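Residue numbers (this note's numbering), protein chains in the order written: chain R, 1 to 457; chain W, 1001 to 1457. Please read the structure below before turning to the comments.
Protein chains: 2
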Amino acid sequence: MTIEEDRPPGAQSFYCDLAWINGEVKSKVLITTAAGRIATVTCGVKQKPEDAAHLVGLTVPGLANVHSHAFHRALRGRTQVEHGTFWTWRERMYAAAAHLDPDSYRALATAVFAEMALAGITAVGEFHYLHHSPKGGLYHDPNAMGHALAGAAAAAGIRITLLDTCYLAGGFDTELNDVQRRFSDGDAARWADRVDALRKAYADSETVRVGAAVHSVRAVPVDQLPPVIAFAAERELPLHVHLSEQRAENDACLARHHKTPTQLLHDHGALGPRTTAVHATHLSQMDIDLLGSSATAVCMCPTTERDLADGIGPAHAVHTAGSPITLGSDSHAVIDLFEEARAVELDERLRTERRGHWRAAELLHAATDAGHAALGWPTAGRLVVGALADFTTIALDTVRLAGVQPAHAAESVVFAASAPDVRHVVVAGRFTVRDHRHELVEDVPGKLAAAIGGIFK
Amino acid sequence: MTIEEDRPPGAQSFYCDLAWINGEVKSKVLITTAAGRIATVTCGVKQKPEDAAHLVGLTVPGLANVHSHAFHRALRGRTQVEHGTFWTWRERMYAAAAHLDPDSYRALATAVFAEMALAGITAVGEFHYLHHSPKGGLYHDPNAMGHALAGAAAAAGIRITLLDTCYLAGGFDTELNDVQRRFSDGDAARWADRVDALRKAYADSETVRVGAAVHSVRAVPVDQLPPVIAFAAERELPLHVHLSEQRAENDACLARHHKTPTQLLHDHGALGPRTTAVHATHLSQMDIDLLGSSATAVCMCPTTERDLADGIGPAHAVHTAGSPITLGSDSHAVIDLFEEARAVELDERLRTERRGHWRAAELLHAATDAGHAALGWPTAGRLVVGALADFTTIALDTVRLAGVQPAHAAESVVFAASAPDVRHVVVAGRFTVRDHRHELVEDVPGKLAAAIGGIFK
Chain R
1 MTIEEDRPPG AQSFYCDLAW INGEVKSKVL ITTAAGRIAT VTCGVKQKPE
51 DAAHLVGLTV PGLANVHSHA FHRALRGRTQ VEHGTFWTWR ERMYAAAAHL
101 DPDSYRALAT AVFAEMALAG ITAVGEFHYL HHSPKGGLYH DPNAMGHALA
151 GAAAAAGIRI TLLDTCYLAG GFDTELNDVQ RRFSDGDAAR WADRVDALRK
201 AYADSETVRV GAAVHSVRAV PVDQLPPVIA FAAERELPLH VHLSEQRAEN
251 DACLARHHKT PTQLLHDHGA LGPRTTAVHA THLSQMDIDL LGSSATAVCM
301 CPTTERDLAD GIGPAHAVHT AGSPITLGSD SHAVIDLFEE ARAVELDERL
351 RTERRGHWRA AELLHAATDA GHAALGWPTA GRLVVGALAD FTTIALDTVR
401 LAGVQPAHAA ESVVFAASAP DVRHVVVAGR FTVRDHRHEL VEDVPGKLAA
451 AIGGIFK
Chain W
1001 MTIEEDRPPG AQSFYCDLAW INGEVKSKVL ITTAAGRIAT VTCGVKQKPE
1051 DAAHLVGLTV PGLANVHSHA FHRALRGRTQ VEHGTFWTWR ERMYAAAAHL
1101 DPDSYRALAT AVFAEMALAG ITAVGEFHYL HHSPKGGLYH DPNAMGHALA
1151 GAAAAAGIRI TLLDTCYLAG GFDTELNDVQ RRFSDGDAAR WADRVDALRK
1201 AYADSETVRV GAAVHSVRAV PVDQLPPVIA FAAERELPLH VHLSEQRAEN
1251 DACLARHHKT PTQLLHDHGA LGPRTTAVHA THLSQMDIDL LGSSATAVCM
1301 CPTTERDLAD GIGPAHAVHT AGSPITLGSD SHAVIDLFEE ARAVELDERL
1351 RTERRGHWRA AELLHAATDA GHAALGWPTA GRLVVGALAD FTTIALDTVR
1401 LAGVQPAHAA ESVVFAASAP DVRHVVVAGR FTVRDHRHEL VEDVPGKLAA
1451 AIGGIFK
């Protein structure tokens, strides 16, 4: 289940024209790798060694896509018809969710993860709740859908953190609906048993991690929260949770529990540095203080938050309070972490009518180092000795980036690059993408079209 | 000065797998052209005629980029350094403005317009105020800088409306600063004389139009407004004006004239269907009524408005009131009219926390038909008999658009396409871009890098 198994050895030495190291752009950087990790990093190497692969452009640590629902990719373009309300979106999303089985899920996710690789993403956090058969029964292997995702990531040549998601209710004091039934294990204890089996299957994997998730305070009744939180704490797993994406969640939580969702999670010990709150759009000052003081990470998904009309979350305030910020493409309206990174700054500019909240280096840190930490890969996301040898090269000689000054390459990439500018992607020291071409998956667009066409046939 | 002159005849017949015609996606559409115009449009043609060029993807009318300052392209990525305030941006913009002469301006604009062509743009409105020599003196030909832009557009194979801009003051009762001196003709009468000479030079051009612009109510003192407005009215020219982009302009105008900028323009007869208000970000209800009831067009530049922290303009309200909406890439933070189009809807979603303000067809209309009308090309922007033969084909088999349903191709393109998805661009019946390659300008990135490097050397 490791990426290395079926792949040729490839280059073990990489010569970067420019590389982003510890927040600065360095020239003529030689990176050597061994056993999937960075062995040496040397700046100012005047001549490219003959056996080194030449990475032309700016090489940055691999990008971490912290929040993904792979199957939402099938909805791209289909939820904007006529006036594309929130209900258009939800109806189509449930139609897709109702259709998938382990084979079609794996095929779709392989193509989606390959699209991510082409966009420079080397690790994905898949927020996974499509667990059981369409009517809610167990598959022969109750983790068949999780294995489909892990297999898809391996096939697409990227790392995955499988954030297995506890999803038990359709809302506060609300039953699951017909589609949601397949999301549920019945209770948190059964969820935990299943996830433990999944963890054991990947205990030795170098490219798959298993983490835990609470879908939201709506979908996990308050008496079922403690077992999920304890499960993650005892095993030191990442714990992710959708938080206050819409005002309606806050209103319902206040009505039911007389607390905000953040307060409720805090009171159950769910916050802390292993935890990532996804969206965190509508927060009170007390919520911001609770997230920041506990060093809970926040995952912003700005292109989804635009698409779903969530609003503009207080990313800068919660970061100032102490929370690392990370990025996710979530519903995959687009898959472009450069767009997500700049949107954190640009949407804050729209809200405040003021420039200059975030430096490009901070946004690139969110897309790399902070993102990997939130996914349980603390030794990835940096170009330093001992780190996982995952990196991404952005071409600076495209029509969009032409004219870049080397000294400002990070600013240019964050504020003007697009996913198609990604030239190479290296995972565990091997090329997953080389010269804009996926090395493991042929015809990614064709595979996407086939997988999506199968769902809506 | 017409695009045809130096070009091979090329195909005169185009077979579109899908084409967007009168707001609907049609299949197997044969378009024939003659003398640069559309001669026939036939839907449902089962087999491609042998001599027809095959346009694989969705063919839409050529995109109109209604508001451009070509030289701002040199700033991309350079104004975000550290915390990138508004003043970082303005300082760098003026450094670029101070440098350019007719030769370097032409070289830069050729590369920028070629970048636009690669992004599917077939007509640009260049809001042009870099008229005179750096110290303010006249060039030997006082329109040398305008000719540089017209020549650049011809070299890049797109149409241009040269919006020659009256710029006389540094603000209300404020002198021009050192850089601004080259923008000014001294008074509106001398501006008009110069622009009349420019008009005569392009009277017979099929690809260059001359229009008029008031830089803003700040930069044209109130006693100089009537001659500019009369000049445009007598000649039935498009008249463009920067309007209420920042609150500071409104405040200064109210302090000086006890009127909003919109009221001031209205009181001088500047509003109406030939007029385009650019940005229109901060409007009162009365402003919205004045713009809408006069059918004044509004040009939204959302990626610039994000970049410069302008805020979110009331595009939908002013459209409902009666104003056509058009799109511009303005400062060229990016050049991607799909991003501009969807941003009109997405930023409105952020502001209102509600989906579904605009239909994709309305946004595509803004990018094509309405945009061309605002630039004085009323017979462009539609795939109908007699229209200018300008069109753009977006590949639907890229990784971003794979899985599109033909029936929803317009929604997919508006909400998920990126500039690199543009496969072909035809202007006046000839390919300007074919298979993602510019047919007239070799190595567009190299030319951009050389031109920009020359400015900041």
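Ideal Cβ placement from N, Cα and C applies to all residues, glycine included. In this text the structure is predicted, and so the values were computed from the model without any measurement.
As a beta-bridge residue in DSSP terms, Trp1020 of chain W pairs with W:Val1025.
Arg355 of chain R has a beta carbon lying within less than 8 Å of a beta carbon in chain W.
At least one C-beta of chain W is nearer than 8 Å to the C-beta of Ser418 of chain R. Measuring C-alpha to C-alpha distances from Phe1086 of chain W to each of W:Val1222, W:Leu1283, W:Asp1307 identifies W:Asp1307 as the nearest. Counting only the Cα atoms, Gly62 of chain R lies some 39 Å from Asp178 of chain R.
Under the Cβ criterion of 8 Å, Asp103 of chain R is not counted among the residues facing chain W. Only residues of its own chain outside the window of five on either side were considered, and among them Ala1148 have a CB closer than 8 Å to the CB of Asp1103 of chain W, listed in chain order. Rounded to whole angstroms, Arg37 of chain R and Thr392 of chain R show a C-alpha spacing of 15 Å. In terms of Cβ geometry, Gly1125 of chain W and Thr1161 of chain W form a close pair [threshold 8 Å]. By the Cβ test, the region 430-447 of chain R is not in contact with the region 370-388 of chain R, since fewer than three Cβ pairs between them sit closer than 8 Å. Every unbroken stretch of the alpha helix (DSSP H) spanning 4 or more residues and falling wholly within the region 190-270 of chain R is given here in chain order: 225-235, 247-257, 261-267. When Cβ-Cβ separations below 8 Å define contact, Asp347 of chain R makes contact with chain W. Where Asp164 of chain R is concerned, there is no enclosing alpha helix (DSSP H), although the beta strand (DSSP E) around it starts and stops at 159-166.
In the DSSP assignment, Thr59 of chain R falls outside any alpha helix (DSSP H) and within the unbroken beta strand (DSSP E) covering 53-61. Every beta strand (DSSP E) of 3 residues or more that sits fully in the region 385-432 of chain R is shown, in chain order, as 391-394, 422-427. Leu364 of chain R: member of the alpha helix (DSSP H) spanning 360-365, first to last residue. By the neighbour-count criterion, in which 16 or more other beta carbons inside 10 Å mark a residue as buried, Ser323 of chain R falls on the buried side. Within its own chain, the residues whose Cβ lies closer than 6 Å to the Cβ of Ala1409 of chain W, once the five positions on either side in sequence are excluded, are Leu1018, Val1025, Leu1058, listed in chain order.
Judged by DSSP in its simplified three-state form, Ile31 of chain R adopts strand. A Cβ-Cβ distance of about 5 Å is found for the pair Thr379 of chain R and Ala387 of chain R, placing them in contact under the 8 Å criterion. Non-local beta-carbon contacts of Thr79 of chain R in its own chain, meaning distances under 6 Å to residues more than five positions away in sequence, involve Thr88, Trp89, Arg92 in chain order. Contact between the region 261-276 of chain R and the region 231-250 of chain R is established, with three or more Cβ pairs separated by less than 8 Å. Annotation: Cβ neighbours of Glu1411 of chain W in chain R (cutoff 8 Å, chain order): Gly77, Arg78, Gln80, Val81, Gly84. When W:His1240, W:His1266, W:Val1208 are compared, the shortest CA-CA separation from Ile1288 of chain W is found for W:His1266. For Arg342 of chain R, the uninterrupted alpha helix (DSSP H) segment begins and ends at 337-352. Chain-ordered, the chain R residues with CB closer than 9 Å to the CB of Phe1415 of chain W read Arg76, Gly77, Thr79, Gln80, Gly84, Asp307, Ala333, Val334. Distance from the Cα of Asn1022 of chain W is smallest, within the candidate group W:Ala1361, W:Asp1421, W:Ala1367, for W:Ala1361. Neighbours of Ile312 of chain R across chain W, judged by C-beta separation under 7 Å: Leu1350. DSSP places Val1298 of chain W outside any alpha helix (DSSP H); the residue lies instead in the beta strand (DSSP E), whose first and last residues are 1297-1300. If you draw a straight line from the Cα of Thr207 of chain R to the Cα of Ser1216 of chain W, it comes to about 57 Å. Residue contact with chain R for Leu1237 of chain W: absent (no Cβ-Cβ distance below 8 Å to any residue of chain R). Contacts between Asp1397 of chain W and chain R, judged by CB atoms closer than 8 Å, involve Pro445, Gly446, Ala449 in chain order. The beta carbons of Val112 of chain R and Arg73 of chain R sit closer together than 8 Å. For Ala1366 of chain W, there are no neighbours in chain R by C-beta distance under 9 Å, as the nearest C-beta there is about 15 Å away. The beta-carbon distance between Ala1297 of chain W and Thr1276 of chain W, rounded to whole angstroms, is 4 Å. This is short enough to meet the 8 Å contact definition. Annotation: the continuous alpha helix (DSSP H) that includes Gly146 of chain R extends over 144-156.
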